[in-house]
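Q:
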Amino acid sequence: MPSIVEDRVSEPATSQKLTTGQPAPSADGGGRDTRPPRTARGLLLLPPWIRAPMLGLRQPGAFFAVAVAAAILACAAASAALFLSSASSASLQQQINDRCDNAAYPMIGTQTYLGPFFRPENEADVRPEFTAQTDQAYPEALARQGMDSNPIFIGAQSILTENGQAPSAQNARFVRPFYRPGAVDQITVLDSGSGNGIYVPSFVAERDQISVGDSLEADGASVPVVGIYQNLYDEPVRDFWCSYSSLFNNETNANTPPADLVIATDEATFYDLALARDNANSQGGMGFFDETSVRMWEVPVDPDTVTSTSASENVARQDVAFREARSISGDPTRPGDFREDSFQSEELSRLIDRSQRLENGLRGPVIPTAVAGTILAMLLVMAAGSYWADRRLREVRLLSSRGVGPGALAVKAALELVIPAALGTVAGYYLARGLIALAGPADDLDPDALRSAILTTIAGFVIGLILLSSVAGIRSRNFTEKPIGHKRSWLSLIPYELILLGAAGYLWWQLRGQEAVVFDGSVAQVNGLLVSFPLLFLAGAAVLVVRLIMVVLPALRRRAHGWSPAAFVAVNQLTANRVVSASLLAALCLPIAVLTYSATLTASSQRTVDSKALTSVGAERAVTSFGDLEATPAVDAAGTLVARYQAAFVDGAEATALGVDPADFASEAYWEDSFAEQDLESMLAQLPDMAGDRIPVLAAGGVPLGPITLELGGNSQALSLDAEVVAVADVLPGRRTAEPLILLDDRLIGVEAPQSANLRYEIWTNGDPEPAAAEIREQGARLFRVFTTTEVFELANFLGVSWTFGYLQALAGFVGVIAIGGLLLYLETRQRKRTASYAMARRMGLSRWTHFRSLLAELGSVLVVALIVGAGLAAAAIAMAYRQLDVDPIREPSPLLAIPWITLAGIAAATIVVAFGTAGYAQRRSDRANPAEVLRLGG
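Just so you know, we're using our numbering here: the sequence shown kicks off at 19 and counts up by one.
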């Protein structure tokens, strides 16, 4: 190797130990050398240290091993800060997306009276000037903060008039003016003309015989009708109207429905109606209502790119703009302070707070998990340092024989490996960024998180380089100071893993007395014990099982004498160094166990949340209505009709009753086999047949089998039914409260239920809800809403649960990469001995194919045993933990177990690929090696 020759010829042949304090002979051979001994600083100026950074580039194997180890360490060190920032951004984005499209926009506005206010002294009215001031002050204040805004104007209820005359209070008909840019594009236009004016709903047009080109008179103001649109309550609510659905939907089923919405095409038309309303109020002593117009200016933001930092900046800018807009002069025509009527949106601030709660909840399990991953990555870095010492064996022995101590060798190792370590660190940081962008909750990261990630990466680089060089120095010393006949210490026989198992047992005992999922406000957070307990249990149990397996290896070696050559060689390689084999097996068991555990709990928690939501709705969608519905072929084609008696009583206790059609209810209703001992079809088949003079019913929620009294309604008009509970279930679809749920054949009720029963009809469907909505309108009922599973839970509240175990899965995959790296280093460090034995075995008749099969048996057996042990330990941990993971104990069902078959198949496939890949790699290395060179170098 050129570097050795250069190192050896760069100094006088008479030089002795470089670091000893003894004087060396003089250069001419006479007397003693009076030169002082070399200091550490002088030592570093010698060629082996000066040239060390470049020498590291000449060792591609060590260069690659160190660079990969450093990259993995950097990735682990940076991952926590990046993941927490990603989770915070994703939580904020999810919350915004779960709301109406503009619910979280920065917004400021005012709710003020727009009409004249005449003082007794009949001073001039300055209200229009003041209105113009506010219309200018608000958007300009936002613009000064770099925020472009759009206006939203909602007028007070206006009274339709004829020839300027208002009808009596009993016959009053109301409309409400509305203006928002783009509103006309978000309605179903039935007829339209040209020019500016208003669009009226079809109900008003039909009732008052209004056509395009006519004028609509309200409060004495006449505005042209330029379009007619379909009633908004007759179609699903579009995203554009989501925040304003209360303006047209009678959501509380009030006796007086909302005023009909007339949509202005421009601001001037809106003001014509709004000013006329306030003018009428002024002249009539505030008229029928003391209601004022609302004018808002919102700032659209892209919810898919928002981060906590950008959202906080938007809130701060909104607050500054709000204070500036309120600083204009008060209303001179109205007593009081104008600023009392100003307002700003607080929704974004609330979402930021909830996002911060989620991030804080994630810190508990994520940071310890990241620390554990970083420590494991450091072990790989230390292994890479040991590998460097193996690869630089000749130089290390030469320098050690010349008196160079382990400290100086460690410095040399650091100098040689600093370049690959630095390159690997940079690559690892960007790898972490890429993985978060690709597989993390969101790819939008806060600047503070990036700075924290960079600092932790630098710290990891420094610590890793120290560990790398320290291990290299210690290994170098062992090459020349290897003890002979060293007795094995009794300390190595102590099962230290029992400490881990004892700690895991204590944490499990603590977890049994606590909630596995806790709530900070409404945000679900995973108890850190649910993460720390399995990590300790799996690590301790893996080491214990491996220790037990290692006990039987000597017996296995004795029995291998009669086996095939491939099996014999494989067993001998495994038992040649049982400590190394055991360490490798334990390192491979842990990621498989952690990945299986975390993937199972993630799938189980998701299945449980989905099941609770589907149970509450009853199916994927429930199309609800106001008004009576009848079962028709069209209804049956759209779904299954359900009559929900919301006020029912079972033997005097509150309950809910569902009247269903047993023939088709099971085709749409959600069901899990674990809900009852019988399947749903079998139980429904019992409902049409009367049990004597009693109506057969199904029950869930603690109602036992046997006769009951079922009352529909809660007053003297209640309908009392004699019923018989013919089957019970732990869970029945459609249960939305904690009270018992009763299912019965609706046809057996026979009479109309009283109003006190609070009857609502629903059509459950797993398909498109539009046919059901169309049939509701066809029967003359009013569509209330489409109830979906996404409305049961605010999913953003439970993201922390899935993300916690998702990060644990990432750690498991990360540890798996470390274990594979350790497997490759295991092969490399034993390559010289393996090649020497392979060369001699070849001369004894061992074929390449037999040797490859021995490698495959050796490595495959380790991987398969790791797979079996890891999966078995994970199953034990899952059995202890999954029932604790109930994200909502109030709602049924209790936690359900979901097996992540795809993940398990991926683990099995990865095991096969790694076994064949590493065996092929080792075989190729053995075939390409020069046996003579290996034997000459002391293989």
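C-beta atoms are modelled at their ideal positions from N, C-alpha and C, and glycine is treated no differently.
In terms of residue numbering, what span does the beta strand (DSSP E) encompassing tyrosine 197 cover?
A: In the sequence shown, residue 197 corresponds to position 179, counting from 1. First-last of the beta strand (DSSP E) with tyrosine 197: 192 to 197.
Q: At which residues does the alpha helix (DSSP H) containing glycine 935 begin and terminate?
A: Residue 935 sits at position 917 when you count from the first residue of the sequence shown. Here the alpha helix (DSSP H) through glycine 935 covers 919 to 946.
Q: What number of angstroms, rounded off, separates the C-alpha of alanine 837 from the C-alpha of glycine 818?
A: Position 819 of the sequence shown, counted from the start, is the residue given in the question as residue 837. Position 800 of the sequence shown, counted from the start, is the residue given in the question as residue 818. Answer to the nearest angstrom: the Cα atoms are 28 Å apart.
Q: Does the segment 637 to 645 come into contact with the segment 818 to 835, if we say contact requires no fewer than three beta-carbon pairs (one atom in each stretch) closer than 8 Å?
A: Counting Cβ pairs under 8 Å, fewer than three are found: no touch.
Q: Valine 678 and aspartate 763: beta carbons closer than 9 Å?
A: On the sequence shown, residue 678 is found 660 positions in, with the first residue counted as 1. On the sequence shown, residue 763 is found 745 positions in, with the first residue counted as 1. Yes; because the gap between Cβ atoms is below 9 Å, this pair is in contact.
Q: Where does proline 583 sit, in a helix, a strand or coil, going by DSSP?
A: Here residue 583 refers to the residue found at position 565 of the sequence shown. Correct three-state label for proline 583: helix.
Q: Using the beta-carbon count (16 or more within 10 Å), is glutamate 311 buried or exposed?
A: Taking the first residue of the sequence shown as 1, we reach residue 311 at position 293. The sequence shown places serine at residue 311, rather than the glutamate named in the question. Result: buried.
Q: Do you know how far the Cα of leucine 369 is from the Cα of glycine 458?
A: Numbered from 1 along the sequence shown, position 440 holds the residue referred to as residue 458. Numbered from 1 along the sequence shown, position 351 holds the residue referred to as residue 369. Using only the alpha carbons, I get a separation of about 20 Å.
Q: Comparing C-alpha positions only, which one of Pro583, Tyr844 and Gln664 sits nearest to valine 597?
A: Taking the first residue of the sequence shown as 1, we reach residue 597 at position 579. Taking only the C-alpha atoms, the option nearest valine 597 is Tyr844.
Q: Let me know if alanine 155 comes out buried or exposed under the rule of 16 or more other beta-carbons within 10 Å of its beta-carbon.
A: For this step, residue 155 is matched to residue 137 along the sequence shown. Classification for alanine 155: buried.
Q: Mark histidine 869 as exposed unless 16 or more other C-beta atoms lie within 10 angstroms of its C-beta, in which case mark it buried.
A: Reading the sequence shown from its first residue, position 851 is the one you call residue 869. Buried: at least 16 other Cβ atoms inside 10 Å.
Q: For asparagine 590, which three-state DSSP category applies?
A: Reading the sequence shown from its first residue, position 572 is the one you call residue 590. Looking at asparagine 590 - three-state DSSP - the assignment turns out to be helix.
Q: Leucine 160 and valine 317 look like a contact to me (Cβ under 8 Å); what is the Cβ gap, rounded to whole Å?
A: Working through the sequence shown from its first residue, we reach residue 160 at position 142. Working through the sequence shown from its first residue, we reach residue 317 at position 299. About 6 Å; that satisfies the 8 Å criterion.
Q: So, with DSSP's three-state summary, where would you put aspartate 51?
A: Against the sequence shown, residue 51 aligns to sequence position 33. In this predicted model, aspartate 51 has a pLDDT of only 46, less than 50, meaning its place in the structure is not dependable enough to derive any value.
Q: Quick check: the segment 772 to 782 against the segment 708 to 720, are there 3 or more CB pairs under 8 Å?
A: At 8 Å Cβ cutoff, the stretches do not touch.
Q: In angstroms with no decimal places, state the Cα-to-Cα distance between alanine 718 and phenylalanine 196.
A: As a working mapping, residue 718 is identified with position 700 in the sequence shown. As a working mapping, residue 196 is identified with position 178 in the sequence shown. Their Cα atoms are separated by approximately 48 Å.
Q: Let me see if you follow: with CB-CB separation under 9 Å, is valine 563 close to chain D or not?
A: Protein chain content of the structure displayed is limited to a single chain, and chain D is not contained in it.
Q: From proline 169 to aspartate 290, what distance separates their C-alpha atoms?
A: Mapped onto the sequence shown, residue 169 falls at position 151. Mapped onto the sequence shown, residue 290 falls at position 272. Taking the straight line joining both Cα atoms gives about 16 Å.
Q: Any contact of the segment 785 to 795 with the segment 655 to 669, i.e. 3+ C-beta pairs under 8 Å?
A: The answer is yes - the segment 655 to 669 touches the segment 785 to 795, with three or more Cβ pairs under 8 Å.
Q: In whole angstroms, what is the alpha-carbon distance linking arginine 753 and serine 692?
A: For the purposes of this step, residue 753 is identified with residue 735 of the sequence shown, where counting begins at 1. For the purposes of this step, residue 692 is identified with residue 674 of the sequence shown, where counting begins at 1. The alpha-carbon atoms of arginine 753 and serine 692 are separated by roughly 16 Å.
Q: With tyrosine 217 and isoleucine 281 assumed to form a contact (beta carbons below 8 Å), what rounded beta-carbon distance in angstroms separates them?
A: Working through the sequence shown from its first residue, we reach residue 217 at position 199. Working through the sequence shown from its first residue, we reach residue 281 at position 263. The Cβ separation is near 4 Å, so the contact holds.
Q: Answer yes or no: do leucine 716 and valine 746 have a C-beta to C-beta separation smaller than 9 Å?
A: Locating residue 716 in the sequence shown gives position 698, where the first residue counts as 1. Locating residue 746 in the sequence shown gives position 728, where the first residue counts as 1. For leucine 716 and valine 746, yes; Cβs fall inside 9 Å.
Q: What's the C-alpha gap between alanine 560 and valine 569?
A: Position 542 of the sequence shown, counted from the start, is the residue given in the question as residue 560. Position 551 of the sequence shown, counted from the start, is the residue given in the question as residue 569. So the two alpha carbons sit approximately 14 Å from each other.
Q: With a threshold of 7 Å on Cβ separation, who are the neighbours of alanine 895 within its own chain once the five nearest residues in sequence on each side are excluded?
A: Counting from 1 along the sequence shown, the entry for residue 895 is found at position 877. These residues qualify, in order along the chain: Pro552, Phe555, Leu556 and Tyr615.
Q: Answer with buried or exposed for glycine 303, where buried requires no fewer than 16 other C-beta atoms within 10 angstroms of its C-beta.
A: Start at 1 with the first residue of the sequence shown, and residue 303 comes out as number 285. Residue confidence is low: glycine 303 scores 48 on pLDDT, short of 50, so the model does not pin down where it sits. No coordinate-derived value is stated.
Q: Which residues mark the beginning and the end of the beta strand (DSSP E) in which tryptophan 782 is found?
A: Position 764 of the sequence shown, counted from the first residue, corresponds to residue 782. Tryptophan 782 -> beta strand (DSSP E) spans 777 to 783.
Q: Give the C-beta separation of isoleucine 610 and isoleucine 925 to the nearest angstrom, bearing in mind that I take them to be a contact with Cβ-Cβ under 8 Å.
A: Working through the sequence shown from its first residue, we reach residue 610 at position 592. Working through the sequence shown from its first residue, we reach residue 925 at position 907. About 6 Å separates the two Cβ atoms, so the contact holds.
Q: Is the CB-CB distance between valine 744 and valine 721 below 9 Å?
A: Reading the sequence shown from its first residue, position 726 is the one you call residue 744. Reading the sequence shown from its first residue, position 703 is the one you call residue 721. Their beta carbons are not under 9 Å apart, which means valine 744 does not touch valine 721 by this criterion.
Q: Report yes if the CB atom of glycine 231 is closer than 9 Å to the CB atom of threonine 179, and no otherwise.
A: Along the sequence shown, read from residue 1 onward, the residue named residue 231 stands at position 213. Along the sequence shown, read from residue 1 onward, the residue named residue 179 stands at position 161. Their beta carbons are not under 9 Å apart, which means glycine 231 does not touch threonine 179 by this criterion.
Q: Tell me which residue opens and which closes the alpha helix (DSSP H) that alanine 889 is part of.
A: The residue you call residue 889 lines up with position 871 of the sequence shown. Note, alanine 889: alpha helix (DSSP H), 866 to 899.
Q: Helix, strand or coil for proline 465 per DSSP?
A: Numbered from 1 along the sequence shown, position 447 holds the residue referred to as residue 465. Residue state, collapsed to three classes: helix.
Q: Between the C-alpha atoms of glutamate 757 and alanine 395, what's the straight-line distance to the nearest angstrom?
A: Position 739 of the sequence shown holds residue 757. Position 377 of the sequence shown holds residue 395. Straight-line Cα distance between these residues: approximately 52 Å.
Q: In terms of alpha-carbon separation, which member of Gly531, Tyr900 and Ser326 lies closest to alanine 467?
A: Here residue 467 is taken as the residue at index 449 of the sequence shown, counted from 1. Checking every option, the nearest Cα to that of alanine 467 belongs to Ser326.
Q: Just list the alpha helix (DSSP H) runs in the segment 392 to 463, keeping only unbroken ones of 4 residues or longer that don't cross its boundaries, in chain order.
A: DSSP runs (the alpha helix (DSSP H)) wholly in the segment 392 to 463: 411 to 419 and 424 to 457.
Q: Let me know the secondary structure DSSP gives isoleucine 512 once reduced to three states.
A: Within the sequence shown, residue 512 is the residue found at index 494, counting from 1. Looking at isoleucine 512 - three-state DSSP - the assignment turns out to be coil, as it is neither helix nor strand.
Q: With 16 as the cutoff for other CB atoms within 10 Å, does glutamine 773 come out buried or exposed?
A: On the sequence shown, position 755 is the one that residue 773 refers to. Its Cβ having fewer than 16 others within 10 Å, glutamine 773 is exposed.
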